[in-house]
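Sequence order for the protein chains is A and B.
At position 169 of the first sequence (counting the first as 1) the number is 169 in the numbering used here, and the numbers step up by one without a gap.
Take any residue in the second sequence, count from 1 to its spot, add 215: that is its number in the numbering used here.
Below is one structure, written out as structure tokens; the observations come after it.
There are 2 protein chains.
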Amino acid sequence: MCSRMPLAPQKTIERLILYRLLLERLELQGTTNVFSNQLAEMSGNTSAQVRRDLMTVGYLGNPRHGYKISELLKAIRALLEPQQGISMVVIGIGNLGRAILGYFYPLKPKFNLVAAFDNDEHKVNRVISGCRTYPVHQIGTVLSGTVIDLGIITVPAEHAQVAADVLVRAGIKGLVNFSAAPVKVPEDVTIENMHMTMTFEKVVYFSRLARTGGS
Amino acid sequence: MCSRMPLAPQKTIERLILYRLLLERLELQGTTNVFSNQLAEMSGNTSAQVRRDLMTVGYLGNPRHGYKISELLKAIRALLEPQQGISMVVIGIGNLGRAILGYFYPLKPKFNLVAAFDNDEHKVNRVISGCRTYPVHQIGTVLSGTVIDLGIITVPAEHAQVAADVLVRAGIKGLVNFSAAPVKVPEDVTIENMHMTMTFEKVVYFSRLARTGGS
């Protein structure tokens, strides 16, 4: 099925994820059909944009009845949600790594944390939130023969690049970097940064400005 | 001090946070001075941009010796790091809310989680990772007289807007939304979205494409 689908750019994927959320809500409310202009209004896009995006998943609406929500959801999920779930590893078992392990534990089998890695021997060869932990140098052996969709970087900023390099060498093509430092990856690797404390500090700066009247 | 500083736009604040990280690294390595072109190269900006950004914190370099790192760090921290720390509340004590509470607990006193709120009576009137939990309807009383810099939304997507409204009514001017749903806030409130699973799914989509050769 995937081989017949056109490659969707990042923004399209983001919008499809939002449409899925909106469609799930409508379905919960008992709605069965939706028009592109309704989805457009709910998502803050134009109707033309919505129709183009939904063509990406290969589902065409009907001008009279709009899109059948159950069918549309099925088509979007076929693109976004791999049937076998998402396989992930964490590198860096500090406070943030543990929080991530704890967060995803109940999201199995959709999100599967296959293994976690750290250089600290006190943190490895254990099971944390259902996930086994290993020394970083064993990553090749541990992941041998296993396809990993996503590598999650939760090491301190100064080790972020080394961690990214390790994950890339292990053949992982998608990374999420929670460390504060930007890292470089080869062109065929997708990376998204989630700089938590950086985002928090930024919001706080403007929050204080607003409270003190912008002075 | 703040009253004399110009208002820095979002991108400037983001870059200052990055410069701080780079300067902290240089300081650890024993470096005492840095030139704008060095910071420019390390951060991926132009020298002119770096100099403009650093003027925002009111610190001018010296053409011969560049910037004194310790002084520059002090100036950036004065802008970014409120002396009294960052006061925060969490709304939504699910799995993600707990992970956030656990993550920030050791980051006191820089990040202080003052209170957490939920509508589930089984989750309130407890202490989780050092943070007391309360019913949402008590937020006004609990926060009365307390200045909160940041409200963290960790409720399910369908309750995100209500949670944001509650936090805004409590006078909070900065929000970080971890739920999958976008929310609307008044103009004087700053909001940043951190859609974890959405980001993960997006990276996974491109990771799989890269693995299967883009087909």
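Here a beta-carbon is modelled for each residue, glycine too, at the ideal position from N, C-alpha and C.
Simplified DSSP assignment, three categories, for residue i
i	result
Tyr59(A)	coil
Met5(A)	Only weak support is given to the placement of Met5(A): the predicted model assigns it a pLDDT of 48, under 50, and the question is left unresolved by the model.
Arg95(A)	For clarity, residue 95(A) is Asn in the given sequence; the question names Arg instead. Asn95(A): helix per DSSP, three-state reduction.
Asn392(B)	strand
Asn37(A)	helix
His374(B)	helix
Arg15(A)	helix
Ile172(A)	coil
Ser207(A)	helix
Lys399(B)	coil
Thr405(B)	strand
Gly355(B)	helix
Ile100(A)	helix
Ile152(A)	strand
Ser215(A)	Here Ser215(A) scores only 46 on pLDDT, less than 50, and its place in the model is too uncertain to base an answer on.
Thr199(A)	helix
Arg235(B)	helix
Val362(B)	coil
Glu232(A)	The question about residue 232(A) has no answer here: the residues shown for chain A are numbered 1 through 215.
Gln10(A)	helix
Gln244(B)	coil
Bridge partner(s) assigned by DSSP for residue i
i	result
Phe326(B)	Ile301(B)
Arg132(A)	Val127(A)
Phe117(A)	Ile91(A) and Tyr134(A)
Gly281(B)	Asn277(B)
8 Å contact criterion, which residue i and residue j should meet: CB distance rounded
i	j	result
Thr348(B)	Asp364(B)	Contact flag wrong, Cβ pair sits at about 19 Å.
Gly366(B)	Ile308(B)	Their Cβ separation, rounded to whole angstroms, is 14 Å, which puts Gly366(B) and Ile308(B) out of contact at 8 Å.
Leu101(A)	Ser129(A)	4 Å
Thr56(A)	Ala8(A)	5 Å
Asn392(B)	Tyr103(A)	Their Cβ separation, rounded to whole angstroms, is 16 Å, which puts Asn392(B) and Tyr103(A) out of contact at 8 Å.
Val166(A)	Val136(A)	6 Å
Leu236(B)	Val249(B)	Wrong, their Cβ atoms sit about 13 Å apart, outside the cutoff.
Ile153(A)	Ala164(A)	6 Å
Thr86(A)	Lys68(A)	Reading off the sequence shown, one finds Ile at residue 86(A), where the question assumed Thr. Incorrect: roughly 27 Å between the Cβ atoms, too far for contact.
beta-carbon residue i near the ligand GDP non-hydrogen atom, thresh 6 Å
i	result
Val155(A)	This structure lacks the ligand GDP; in fact it carries no ligand of any kind.
(request) Scan the region 196-207 of chain A for residues whose Cβ lies nearer than 8 Å to a Cβ of chain B and list them as they occur along the chain. (result) Within the region 196-207 of chain A, the residues whose Cβ lies closer than 8 Å to some Cβ of chain B are Met196, Thr197, Met198, Thr199, Phe200, Glu201, Lys202, Val203, Val204, Tyr205, Phe206 and Ser207, listed in chain order.
**Item:** Near-chain A residues of the region 228-253 of chain B - C-beta to any C-beta below 7 Å
**Value:** Legend: CB atoms of the region 228-253 of chain B lying less than 7 Å from CB atoms of chain A belong to residues Ile228, Glu229, Ile232, Leu236 and Arg240.
Identify each residue in the region 379-397 of chain B for which the Cβ-Cβ distance to at least one residue of chain A is less than 9 Å, and report them in chain order.
Residues Gly386, Ile387, Lys388, Gly389, Leu390, Val391, Ala395, Ala396 and Pro397.
Contacting positions in the region 146-161 of chain A - beta carbon closer than 8 Å to chain B
Along the region 146-161 of chain A, going in chain order, the ones with a CB nearer than 8 Å to a CB of chain B are Val147, Asp149, Leu150, Ala157 and Glu158.
If you measure beta-carbon to beta-carbon, which residues of the region 65-83 of chain A are closer than 9 Å to chain B?
Cβ contacts with chain B: Leu79, Leu80, Glu81 and Pro82.
ask   = Which residues, taken in chain order from the region 83-95 of chain A, show a beta carbon closer than 8 Å to some beta carbon of chain B?
value = Taking 8 Å as the Cβ-Cβ cut-off against chain B, the residues of the region 83-95 of chain A that qualify are Ile86, Met88 and Asn95.
For the region 110-126 of chain A, which residues have a beta carbon sitting closer than 9 Å to at least one beta carbon of chain B? Those residues of the region 110-126 of chain A that come within reach of chain B (Cβ to Cβ, closer than 9 Å) are Lys110 and Phe111.
Inset, instruction - Determine which residues of the region 258-283 of chain B have a Cβ less than 8 Å from any Cβ of chain A, and write them out in chain order. - result: Going along the region 258-283 of chain B in chain order, one finds Gly259 with a Cβ nearer than 8 Å to chain A.
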